[in-house]
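Asks: Under the numbering used here, think of the first position of the sequence shown as 16, with each following residue one higher.
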Amino acid sequence: GKVKSVCIPHAYYSSTIKRYAYIEILGKKAIERALKLSGSEMDGHKLVVTPPLRQMKKARRKSLKTDRYSRSKTMDVRGYDTSLPRKIIKSALVKHFSSCGEVVEVEVMPNLRNPKTPKFAYVSIYGEGAKEKALQLNGSDMGGFKLV
């Protein structure tokens, strides 16, 4: 099959990698073919290939998110319509910045004087040139408001 993604987990604070990897393969009978590789050798190491378990899928998603977040670029965004509900603001910011890369997280920060009215948001974007692309959106329009 076609390898869609490979994730070799490691703690974000260390360059030491784990002794396993999550590999997502696409195609007909890809899992069956991959399982046949179990027991073979690669660079002097014996491979152990297992089918994905539900908890492994969850761990992989968490590991990918942590890895992407640790390598993402986070920006302070202001200028959006603060009268909207936080959920709507978050969704609009994800949509607005998705052209810059994968929007890993949007955190809409409350205004300390009026907690129901957000003051600014942190937007974390992962991808090649994400920061530069996001900075090009400075001054762009989002729902009639100019983002900075």
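Even for Gly, the Cβ is constructed at its ideal location relative to N, Cα and C.
In the DSSP assignment, what are the bridge partners of residue 60?
Replies: Stepping through the sequence shown from its first residue, residue 60 is reached at position 45. In DSSP, residue 60 forms a bridge with 57.
Asks: Excluding the 5 residues preceding and the 5 following residue 161 in the sequence, name in chain order all residues of the same chain whose CB lies nearer than 8 Å to its CB.
Replies: Taking the sequence shown and counting its residues from 1, one reaches residue 161 at position 146. For residue 161, where only same-chain residues beyond five positions count, the Cβ hits under 8 Å are 94, 154 and 155.
Asks: Starting from residue 20 and walking both ways along the beta strand (DSSP E), at which residues does that stretch end?
Replies: By 1-based counting over the sequence shown, the position of residue 20 is 5. Unbroken beta strand (DSSP E) run through residue 20: 17-22.
Asks: Taking the C-alpha atoms as reference points, what is the distance between residue 157 and residue 129?
Replies: To locate residue 157, count along the sequence shown from 1; it is residue 142. To locate residue 129, count along the sequence shown from 1; it is residue 114. Answer to the nearest angstrom: the Cα atoms are 23 Å apart.
Asks: Among the candidates 132, 64, 127 and 113, whose CA atom is the shortest distance from the CA of residue 100?
Replies: Here residue 100 refers to the residue found at position 85 when the sequence shown is read from its first residue. With distances taken between Cα atoms, residue 100 lies closest to 132.
Asks: Please report the distance separating the alpha-carbon of residue 163 from that of residue 18.
Replies: Within the sequence shown, the letter at position 148 stands for residue 163. Within the sequence shown, the letter at position 3 stands for residue 18. Roughly 39 Å between the two C-alpha positions.
Asks: Quick check on this structure: which residue in 42, 39, 92 and 119 has the alpha carbon closest to the alpha carbon of residue 86?
Replies: Stepping through the sequence shown from its first residue, residue 86 is reached at position 71. When each option's Cα is compared against that of residue 86, the closest is 119.
Asks: Buried or exposed for residue 141, please, with buried defined as at least 16 other CB atoms from any protein chain shown within 10 angstroms of its CB.
Replies: Locating residue 141 in the sequence shown gives position 126, counting from the first residue. Under this definition residue 141 is a buried residue.
Asks: Does residue 36 pass the burial test, meaning 16 or more other C-beta atoms within 10 Å, or should it be called exposed?
Replies: Taking the first residue of the sequence shown as 1, we reach residue 36 at position 21. Burial call: exposed.
Asks: Here's the rule I'm using: 16 or more other beta-carbon atoms within 10 Å means buried, otherwise exposed. How should residue 111 be labelled?
Replies: Residue 111 sits at position 96 when you count from the first residue of the sequence shown. Buried, because 16 or more other Cβ atoms sit within 10 Å of the Cβ of residue 111.
Asks: Restricting to Cα atoms, I'd like to know which of 121, 117 and 67 is closest to residue 138.
Replies: Within the sequence shown, numbered from 1, the residue matching residue 138 stands at position 123. Comparing Cα-Cα distances from residue 138 to each of 121, 117 and 67, the minimum goes to 121.
Asks: Using the C-alpha atoms, what's the distance from residue 89 back to residue 53?
Replies: Reading the sequence shown from its first residue, position 38 is the one you call residue 53. Reading the sequence shown from its first residue, position 74 is the one you call residue 89. Using only the alpha carbons, I get a separation of about 40 Å.
Asks: Specify the secondary structure class of residue 146 as computed by DSSP and reduced to three states.
Replies: Locating residue 146 in the sequence shown gives position 131, where the first residue counts as 1. Helix.
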